[in-house]
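Chains as they are written, first to last, in our numbering: chain L, 172 to 493; chain U, 289 to 773. Each remark here refers to the structure printed beneath this line.
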Ligand SMILES: Nc1nc2c(ncn2[C@@H]2O[C@H](COP(=O)(O)OP(=O)(O)O)[C@@H](O)[C@H]2O)c(=O)[nH]1
């Protein structure tokens, strides 16, 4: 971390904050408040919308949203269905996890396969093989076809700069597009979900959670995640400063060398652009320890698609991406 | 693959996760704060500096800042780049919306609502301050208190924000001169006292160089108070939301109708104010039906008590007819029903409120039809003086209006934080949020009682920063302009 410090003359900060203290700062009271807020948001969705759906990929943030939704409506069955846009390049472990959760919970899951859109020509494969950007069209098409009016996602404001301005109820036009200037101010705890026919609202109950909050909550609630979130041996190769998993999606190529490393994933998206980090953290508490000392953001470490340009995420959101 | 069911713990512990697994709370909890100031006063630099010096900036974010700064030919990293959000802003070089940042120190967790300083964006300041415990108002030491400063202070006062921090920035550009700081602080204090603001603390800083942002500066030897971050960590938060009668807006009725729960009927919601215990007598509004709380249910089991902020499900002893939009309140302390009431509103959209406008009223979880029966007067947001009402409100106007509903609504005076007495006026055609409102006359409320003590049960805040001297109580001026038609 190099920053030419212009702080000459200022008494130096008194070292770094002790780790225990940071963890404590995110402990019970704070987590309980975040949980109550998320449950409040999810109940607003059930009360205000006709056809709500949770985007469920088997990734930790969507697992958390599902967990909170089940708590919100306990002891009744979940009043939402689930939707997954499957790029066809997802981690098999995550798909297996997704299916076991759906089966065990008696949930309704709808899967939109990007492959179907490629096969009938509505989408064209990109030269670099990554399918992450291709999710947008199947998502928007499915929302329109199924008349979903609230689409609940696990995005957090701490993930990325343009997300920092995202509303909890985010209005999307008939093409799924996000216009920053049409977003409604959100004051107090009042969420306005009214929309015109054909429009829908994306809802982000985890807006105010940080990555550390998510992990602390996973630990507190003993939520089971797909195994690839914890350290394991895996064949990987390096590309753009990330460890990627070889596979049909198009890697390794050229002189990229496959090697065995002990890694874990911090996010689990499309295999073509989701990198692993080297890690020895075999359980949730070890992961929390690593996060507390880490100096790279979750997306910076593991998402190639966000590195493309400074405004990458903002551009994709305007087009209807999550 | 070990995944089984979600929401079921493995192995099932004998206790509820949040209560016992993490025994420690943050020593001083969560502080929500907002920043405000005119363009170029250094708000982005201050926020970037706070994040950077509190070690909340991670290396890839910093790399990006270093890269961009170098590309722009700067010799040191421009920390304001950490917080410039949308592309439009980057191109225009101004901040156009509210962005939220998260950071924590060993003492507190923080949610920062970073609000823009541009004149026409009062609505963003209102939004950012609506949930804030504290607002930082920046002034440039070279120019001192300007109209914009007063405006932001007025907005904070109207919203009942209990704490204000006046950051006198760019103190390096006035040679760290104590007299300059004293003059600005005294200037602001006169105004703040007039507004009835609860507590003001003034701190001399240099956001660019880091003086008094996180670490105390020894270049400002005459100042021996806390740095900005120290103040944020230590400012006292009195949470009075749980005092007084229960307010529980019903969000959703939980009726499983499953084999295991054939007759379960629970009212899901979040405690907005007060506390609730099994055995409490309640009244359902607007119907007036009475019942008793049989149980407080959650996914983690039954609770003995729920306090303000808790999301729970209430089970009642009687079969009362209750649905979304209704309010469960304590029998001994309940709001009255009304169909006409006075509201302080901020106009948030281009389509302005005007007498005769029909819209939807969002109050608690209820949505009802509403008519704007009168615009009583406008508030001059630099002075909070009443000025004659225009025919229709313009974007960013703050005004006193009278609203009329067909159905009686259990509205009551706004309380700071907005869990009680806050509302939205919504366009029925496209759902646009036209205005946000605070029930009652907020200007009168803050000027007679002080913003920091508008809640019953909250002690008057009198601990002012030493440099600002003793507070005096202001009385509303007797010669307001006559309200317009
Ligand atoms: N000398 C000096 N310049 C500052 C200080 N704080 C900010 N600036 C400069 O003032 C200008 C405006 O700052 P910025 O943070 O972008 O202002 P904003 O519009 O309020 O966000 C930039 O050129 C900063 O480098 C300070 O404490 N001292």
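No residue lacks a Cβ here, since even glycine has one placed at the ideal position from N, Cα and C.
Check                                                                                                                                                                                  : Outcome
In angstroms with no decimal places, state the Cα-to-Cα distance between residue 369(L) and residue 658(U).                                                                            : 26 angstroms
Answer with yes or no whether the minimum CB distance from residue 363(L) to chain U is below 7 angstroms.                                                                             : yes
In terms of residues, what are the limits of the beta strand (DSSP E) holding residue 721(U)?                                                                                          : 721 to 727
Under 8 angstroms between beta-carbons, which chain L residues line up against residue 612(U)? List them in chain order, please.                                                       : 218
CB of residue 454(U) to nearest heavy atom of ligand 1: below 6 angstroms?                                                                                                             : no
Can you name the residues of chain L whose CB is closer than 7 angstroms to the CB of residue 418(U)?                                                                                  : 358, 359
Return the residues of the region 470 to 492 of chain U that lie within a Cβ-Cβ distance of less than 7 angstroms from chain L, sorted by chain order.                                 : none
For residue 454(L) and chain U, any beta-carbon pair shorter than 7 angstroms?                                                                                                         : no
How would you label residue 431(U), buried or exposed, when you count the other beta carbons within 10 angstroms and need 16 or more for buried?                                       : exposed
Please state whether DSSP places residue 397(U) in a helix, a strand or coil.                                                                                                          : strand
Looking at the strands, I want to know which residues DSSP matches up with residue 436(L).                                                                                             : 447(L)
Listing by chain order, which chain U residues have their CB less than 8 angstroms from the CB of residue 210(L)?                                                                      : 558, 599
Between the region 326 to 355 of chain L and chain U, which residues of the former have a C-beta closer than 7 angstroms to a C-beta of the latter?                                    : 328, 329, 332, 333, 335, 336, 351, 355
Any contact between the region 339 to 354 of chain L and the region 288 to 298 of chain L? By contact I mean 3 or more CB pairs, one from each, below 8 angstroms.                     : no
Along chain L, in chain order, which residues have C-beta atoms closer than 7 angstroms to that of residue 399(U)?                                                                     : 379
Among 697(U), 570(U), 559(U), whose alpha-carbon lies nearest the alpha-carbon of residue 627(U)?                                                                                      : 697(U)
Is residue 458(U) near ligand 1 - that is, is its Cβ less than 6 angstroms away from at least one heavy atom of it?                                                                    : yes
Cutting at 8 angstroms between CB atoms, please list the residues of its own chain near residue 504(U), excluding the five before and the five after it.                               : 514, 515, 518
How would you label residue 316(L), buried or exposed, when you count the other beta carbons within 10 angstroms and need 16 or more for buried?                                       : exposed
Give the DSSP bridge partners of residue 585(U), in chain order.                                                                                                                       : 601(U)
From what residue to what residue does the beta strand (DSSP E) around residue 515(U) run?                                                                                             : From DSSP, residue 515(U) is part of no beta strand (DSSP E); its letter is neither H nor E.
Kindly indicate if chain U contains any beta-carbon less than 7 angstroms away from that of residue 318(L).                                                                            : no
May I ask you to report which of helix, strand or coil DSSP gives residue 415(U)?                                                                                                      : helix
Does the beta-carbon of residue 332(U) have 16 or more other beta-carbons within 10 angstroms, so that it is buried, or is it exposed?                                                 : buried
Within a Cβ cutoff of 6 angstroms, which residues of the same chain sit near residue 230(L), ignoring the five residues on either side of it in sequence?                              : 439
For residue 200(L), which three-state DSSP category applies?                                                                                                                           : helix
In whole angstroms, what separates the C-alpha of residue 378(L) from that of residue 325(L)?                                                                                          : 8 angstroms
Closer than 6 angstroms to a non-hydrogen atom of ligand 2 - does that hold for the CB of residue 327(U)?                                                                              : In the structure on display, ligand 2 does not appear, and the ligands it does have are ligand 1.
Give the residues of chain U in contact with residue 215(L), contact being defined as C-beta atoms less than 9 angstroms apart.                                                        : 539, 540, 653
Look up residue 500(U) in the DSSP assignment and give the residues it is bridged to.                                                                                                  : The partner list for residue 500(U) (beta bridge, DSSP) is empty, contrary to what the question assumes.
Let's see if you can read the secondary structure: which residues bound the beta strand (DSSP E) around residue 670(U)?                                                                : Run containing residue 670(U): none; DSSP gives neither H nor E here.
State the DSSP-derived secondary structure class of residue 374(L), mapped to helix, strand or coil.                                                                                   : strand
Count the other C-beta atoms from every protein chain shown that fall within 10 angstroms of the C-beta of residue 443(L), then say buried if there are 16 or more, exposed otherwise. : buried
How many angstroms separate the CA atom of residue 618(U) from the CA atom of residue 461(L)?                                                                                          : 47 angstroms
Any idea what DSSP makes of residue 414(L), helix, strand or coil?                                                                                                                     : strand
Taking 6 angstroms as the cut-off, does the CB of residue 495(U) come closer than this to any heavy atom belonging to ligand 1?                                                        : yes
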